[in-house]
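Visitor: Residue numbers (my numbering), protein chains in the order written: chain U, 484 to 856; chain B, 3 to 291. The beta-carbon is built from N, C-alpha and C at its ideal position, and this holds for glycine as well. Predicted, not measured: the structure shown is a model, and the values here were computed from it.
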Amino acid sequence: MTQTIVPDISFRAVSKRYGEVLAVDRVDLDLPKGSFVSLLGPSGCGKTTCLRMMAGFEQPSEGEVFIRGDNVTGVPAYKRPVNMVFQHYALFPHLNVADNVSYGLRQRSPKPPRETVAKAVDEALAMVRLQGYGQRRTWELSGGQQQRVALARALINRPAVLLLDEPLAALDRKLRHDMQIELQNLQRNVGITFLLVTHDQEEALSMSDRVCIMKDGRLVQTGTPRELYDEPVNGYVADFVGKSNFFAGIAGNARSGLIDVALADGMKATGRASRSTVSPQSGEAVLVSVRPEQIRLAAAATDLPNQVAFRAEAKVLNRIFLGEQTEYLVAHEKLGEFMVRSPRQGNQALAFEIGDKVAVGWPPDAALILAKD
Amino acid sequence: MSQLAPASRSKTVTALLVAPAGLFFFFLLVLPLIVVIIYSFGARADAGGYAPAFTLDNYANLPARGQAFFNTLTLAPLGTLLTALFAYPLAYFLAVKASPKSRTLLLVLVIVPFWTSQLLRYYAWIMILGSKGIPSWLAYLGITDLRIINTPWAVLIGAVYGFLPLMVLPIYVSLEKLDKRLLEASADLGANSWRSFLQVTLPLSLPGVATGSMLVFILLMGEYILPQLLGGGKVFFIGNALVDLFLQSRNWPFGAAVSTALVAIMFVTIVIYMRFVLSRGDVRRAALV
């Protein structure tokens, strides 16, 4: 007997129009129970509108929203079993920390007894490591502490889904990193589904089980961080998730899983299609995407490993030392400039200087042949 | 060295900046107040006016004007309360519900009555509340024997009408700068719009209500024209008593004692108000953010 697990939130063909503007365009989405999902995209891609439709601040123009299987389309925010951590926290300035945290419980009817509320507040504050801060004023707290109060205020209600709207954007780099780890641990401990909206790809990739990439109101790809990195559906995703080099060309014939591509000025390359999408047709305009760490550098073409299929001569324009890696910016007379990342070598002879002539190349399965978008 | 040292020069600048206001307050506020207090311990000269003396009789005599104190100290707070009750929904509508386009126009409409003389506007109310005004219309509906003019009700109506803009504007400002995301947070946490209003909007707009109430209350305490015209001399305030004492019976020392008492009451009220605002640091901060 198979049991279907009902997703915590589902979108079915949800669209949102603001006058002429289509902010969200027929999005289908499922948030699996207990998962940590990120909605990732540049500003204006519709990710915040999606979040606001989950919270109930906005209603879809078309389509339906389900929370744990219940159709909540048209249900106002205060009746939905989800809670949000706002970008600038939106803590109530006239209430102390404990009253902020207990706000959600105090809205219930019948109102839970005072001792129950006090106990729940203590537990919630302990969960975010703010024991003893109950009587503090919210503005006396640092940004990170305010963030944790906002988390406690939302989690105390045991929501079906915790919605996080760019919650780390206002924190400095070091604190942001700490909070990322803390959020991940918190999510594992409480087991509540987290939905994080962010424009920071590093944040999305490092924290989430699944990432949904949005562009111009549409969902472009959903997958694990690794799927998005290794098997992007198009050039947009490959560019947004991690760094990549792109070479424009025309797809040729496919043979035994590999596709030939005619690059600029009669050059040829070979690569494979992404497993997340269908192979490009012969004659289609495509991008050849090669990750910087997949490109090999050598002093001469003969020094390149055997499996390298594409070989070319290039010149080192710039070099950045990154510790365990060195990043080179190299220029090819026809392909233009591109990025190469080489692991640190014990042999000093393999480190290239600016201005050196180098041989570059990559194995065929390192090159992805992708549609532009 | 003819040039002043920086420290002493900045002191000079400070002195020059403070001087106009300082002189103004000293000669037109502090000095007259001292004169009034000195007079309040004096005696009435035979032909009226002031004769030097030191007596507490004038203060002991204050209950003689008890009715004026009673009217002022009941109708001024009541008028302030009524004005706040009328002003709040209007300010809320202007700040929250009105479209940005109509908002400016409506705000101007709130202020427009201030462009006309107060005297003129209260005369208009004499017509409206007089026997040929509202009471005569109500007579058509079978409600007779209703007198409004020259009663405390007329004074209260005049107070609400006259001071509404002073109450609306500070409340409007405090509502207008209220962070709308706090209302979303409240809804997100399960509060419907009425509960959100009671738990978020109202407490965070209280500084505006307090400021407006203070303005209206102080002005009402010293009001003269309003009770004179709409109270018809039957509902008189301390202000009316002072005019009577200084200009009619020419009992300056007793008038000075009544004035001093009025100033003292206002002073105590302001201190209590400041205590309230300062103790509610959360509210004050919310008002500033």
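So if I threshold CB-CB distances at 7 Å, which residues from the region 182-200 of chain B count as touching chain C?
Guide: Looking for chain C here will not work: the only protein chains present are U and B.
Visitor: Is there a Cβ from chain B that is less than 8 Å from the Cβ of Gly-626 (chain U)?
Guide: Taking the first residue of the first sequence as 1, we reach residue 626 (chain U) at position 143. No - not a single Cβ of chain B is within 8 Å of the one on Gly-626 (chain U).
Visitor: Listed from N- to C-terminal order along the chain, which residues in the region 204-222 of chain B have their beta-carbon within a distance smaller than 7 Å of any beta-carbon of chain U?
Guide: If the cut-off is 7 Å between Cβ atoms, the region 204-222 of chain B has Pro-205 and Leu-206 near chain U.
Visitor: How about Pro-715 (chain U) and Ser-691 (chain U): do their beta carbons lie closer than 8 Å?
Guide: In the first sequence, counting from the first residue as 1, residue 715 (chain U) sits at position 232. In the first sequence, counting from the first residue as 1, residue 691 (chain U) sits at position 208. Cβ atoms of Pro-715 (chain U) and Ser-691 (chain U): not closer than 8 Å.
Visitor: Give the secondary structure of Leu-290 (chain B) by DSSP, where H, G and I count as helix, E and B as strand, and everything else as coil.
Guide: Indexing the second sequence from 1 puts residue 290 (chain B) at position 288. Annotation note: pLDDT 43 at Leu-290 (chain B) (below 50); position unreliable, coordinate value reported separately. Reduced to three states, the DSSP call for Leu-290 (chain B) is helix.
Visitor: Rank U:Ile-675, U:Ala-814, U:Asn-583 and U:Ala-601 by C-alpha distance to the C-alpha of Asp-839 (chain U) and give the top, closest one.
Guide: Stepping through the first sequence from its first residue, residue 839 (chain U) is reached at position 356. The option with the nearest alpha carbon to Asp-839 (chain U) is U:Ala-814.
Visitor: In three-state terms, what does DSSP make of Ser-759 (chain U)?
Guide: By one-based count along the first sequence, residue 759 (chain U) stands at place 276. In this structure, Ser-759 (chain U) counts as coil in the three-state DSSP scheme.
Visitor: For the alpha helix (DSSP H) holding Asp-59 (chain B), just list the boundary residues, first then last.
Guide: Looking up residue 59 (chain B) in the second sequence gives position 57. Asp-59 (chain B) -> alpha helix (DSSP H) spans 59-62.
Visitor: Which same chain residues, not among the five before or five after Val-38 (chain B), have their C-beta less than 7 Å away from its C-beta?
Guide: Indexing the second sequence from 1 puts residue 38 (chain B) at position 36. Result list for Val-38 (chain B): Ala-258, Ser-261 and Thr-262, in chain order.
Visitor: Could you tell me the alpha carbon to alpha carbon distance between Leu-658 (chain U) and Tyr-616 (chain U), rounded to whole angstroms?
Guide: The residue given as residue 658 (chain U) occupies position 175 in the first sequence. The residue given as residue 616 (chain U) occupies position 133 in the first sequence. Leu-658 (chain U) and Tyr-616 (chain U): Cα-Cα distance of roughly 19 Å.
Visitor: At which residues does the alpha helix (DSSP H) containing Val-769 (chain U) begin and terminate?
Guide: As a working mapping, residue 769 (chain U) is identified with position 286 in the first sequence. Following the DSSP letters along the chain, one finds Val-769 (chain U) in no alpha helix (DSSP H) but inside the beta strand (DSSP E) bounded by residues 768-773.
Visitor: Is Tyr-586 (chain U) close to chain B? Criterion is C-beta to C-beta, closer than 8 Å.
Guide: Within the first sequence, the letter at position 103 stands for residue 586 (chain U). Closer than 8 Å: yes.
Visitor: Taking only beta-carbon positions, decide if Val-291 (chain B) is within less than 8 Å of chain U.
Guide: Taking the first residue of the second sequence as position 1, residue 291 (chain B) is located at position 289. Its pLDDT being 36, under 50, Val-291 (chain B) is placed unreliably by the model, and the measurement read from it follows with that caveat. Chain U, which has a Cβ nearer than 8 Å to the Cβ of Val-291 (chain B), makes this yes.
Visitor: Would you mind sorting Ile-272 (chain B) into buried or exposed? The rule is 16 or more other CB atoms within 10 Å of its CB.
Guide: Sequence index remark: in the second sequence, residue 272 (chain B) carries index 270 (1-based). Counting Cβ neighbours within 10 Å, Ile-272 (chain B) comes out exposed, since fewer than 16 surround it.
Visitor: Quick check: the region 841-852 of chain U against the region 745-757 of chain U, are at least 3 beta-carbon pairs closer than 8 Å?
Guide: yes
Visitor: Identify, in the order they occur along the chain, each residue of the same chain with its Cβ nearer than 8 Å to the Cβ of Val-20 (chain B), setting aside the five sequence neighbours on each side.
Guide: What you label residue 20 (chain B) is simply residue 18 of the second sequence in a count that begins at 1. Cβ within range, chain order: n/a, list empty.
Visitor: Is it the case that the Cβ atoms of Tyr-124 (chain B) and Gly-160 (chain B) are separated by a distance below 8 Å?
Guide: In the second sequence, the residue the question calls residue 124 (chain B) occupies position 122. In the second sequence, the residue the question calls residue 160 (chain B) occupies position 158. Yes. Within cutoff.
Visitor: Could you pull out every residue in the same chain whose Cβ sits closer than 6 Å to the Cβ of Phe-730 (chain U), ignoring the five residues on either side in sequence?
Guide: Counting from 1 along the first sequence, the entry for residue 730 (chain U) is found at position 247. Only Leu-746, Val-771 and Leu-818 meet the Cβ criterion.
Visitor: Please report whether the beta-carbon of Gln-542 (chain U) lies at a distance below 8 Å from any beta-carbon of chain B.
Guide: On the first sequence, residue 542 (chain U) is found 59 positions in, with the first residue counted as 1. So, not an interface residue.
Visitor: Is DSSP giving Ser-493 (chain U) helix, strand or coil here?
Guide: Residue mapping note: residue 493 (chain U) aligns to position 10 of the first sequence, counting from 1. Ser-493 (chain U) carries a strand assignment under DSSP once its states are collapsed to helix, strand and coil.
Visitor: State the DSSP-derived secondary structure class of Pro-847 (chain U), mapped to helix, strand or coil.
Guide: Taking the first residue of the first sequence as 1, we reach residue 847 (chain U) at position 364. If DSSP states are grouped into helix, strand and coil, Pro-847 (chain U) belongs with the helices.
Visitor: Is the number of C-beta pairs between the region 678-695 of chain U and the region 595-612 of chain U that are closer than 8 Å three or more?
Guide: no
Visitor: DSSP puts Asn-566 (chain U) in a beta bridge; with which residues?
Guide: Mapped onto the first sequence, residue 566 (chain U) falls at position 83. Per DSSP, U:Leu-645.
Visitor: Provide the residue span of the alpha helix (DSSP H) that contains Glu-686 (chain U), from first to last.
Guide: Position 203 of the first sequence, counted from the first residue, corresponds to residue 686 (chain U). Note, Glu-686 (chain U): alpha helix (DSSP H), 684-690.
Visitor: So, for Leu-578 (chain U): in the same chain, excluding its five sequence neighbours on each side, which residues have a beta-carbon less than 8 Å away from its beta-carbon?
Guide: Mapped onto the first sequence, residue 578 (chain U) falls at position 95. Same-chain partners within the cutoff: Tyr-586 and Thr-621.
Visitor: Return the bridge partner residues of Gln-929 (chain U) from the DSSP annotation.
Guide: Because residue 929 (chain U) is not part of the residues shown, which for chain U are 484 to 856, the question remains open.
Visitor: At the 8 Å Cβ level, is Tyr-561 (chain U) part of the contact set with chain B, yes or no?
Guide: For the purposes of this step, residue 561 (chain U) is identified with residue 78 of the first sequence, where counting begins at 1. Judged by the 8 Å Cβ criterion, Tyr-561 (chain U) is in contact with chain B.
Visitor: Starting from Phe-569 (chain U), find everything on chain B with Cβ-Cβ shorter than 7 Å and list it in chain order.
Guide: The residue labelled residue 569 (chain U) in the question sits at position 86 within the first sequence. Ordered by position in chain B, the residues that pass the 7 Å Cβ test against Phe-569 (chain U) are Arg-183 and Ala-187.
Visitor: Is Ala-175 (chain B) close to chain U, meaning its C-beta is less than 8 Å from at least one C-beta of that chain?
Guide: Here residue 175 (chain B) is taken as the residue at index 173 of the second sequence, counted from 1. Here residue 175 (chain B) is Val; the residue named in the question, Ala, does not match the sequence. Judged by the 8 Å Cβ criterion, Val-175 (chain B) is not in contact with chain U.
Visitor: Between Asp-553 (chain U) and Asn-801 (chain U), what straight-line distance do the alpha-carbon atoms span, to the nearest angstrom?
Guide: Residue 553 (chain U) sits at position 70 when you count from the first residue of the first sequence. Residue 801 (chain U) sits at position 318 when you count from the first residue of the first sequence. Distance between the alpha carbons of Asp-553 (chain U) and Asn-801 (chain U) is about 57 Å.
Visitor: Could you give the C-beta distance for Pro-54 (chain B) and Gly-68 (chain B), rounded to a whole number, given that I count them as a contact under 8 Å?
Guide: Position 52 of the second sequence holds residue 54 (chain B). Position 66 of the second sequence holds residue 68 (chain B). 28 Å between Cβ atoms; not a contact.
Visitor: Any idea what DSSP makes of Cys-695 (chain U), helix, strand or coil?
Guide: Counting from one through the first sequence, the residue named residue 695 (chain U) turns up at place 212. Strand at Cys-695 (chain U).
Visitor: What residues match up with Ala-795 (chain U) in a beta bridge as DSSP calls it?
Guide: Counted from its first residue, the first sequence places residue 795 (chain U) at position 312. According to DSSP, Ala-795 (chain U) bridges with U:Val-843.
Visitor: Contact criterion: CB-CB distance below 8 Å. Does Asp-491 (chain U) meet it with respect to chain B?
Guide: To locate residue 491 (chain U), count along the first sequence from 1; it is residue 8. By the rule that beta-carbons nearer than 8 Å mark a contact, Asp-491 (chain U) does not touch chain B.
Visitor: Mind checking Ala-797 (chain U): buried by the 16 CB within 10 Å criterion, or exposed?
Guide: Reading the first sequence from its first residue, position 314 is the one you call residue 797 (chain U). Flag for Ala-797 (chain U) reads buried.
Visitor: Are at least three pairs of beta-carbons, each pair with one atom in the region 100-111 of chain B and one in the region 137-145 of chain B, less than 8 Å apart?
Guide: Three or more Cβ pairs closer than 8 Å define a contact, and the region 100-111 of chain B falls short of that threshold against the region 137-145 of chain B.
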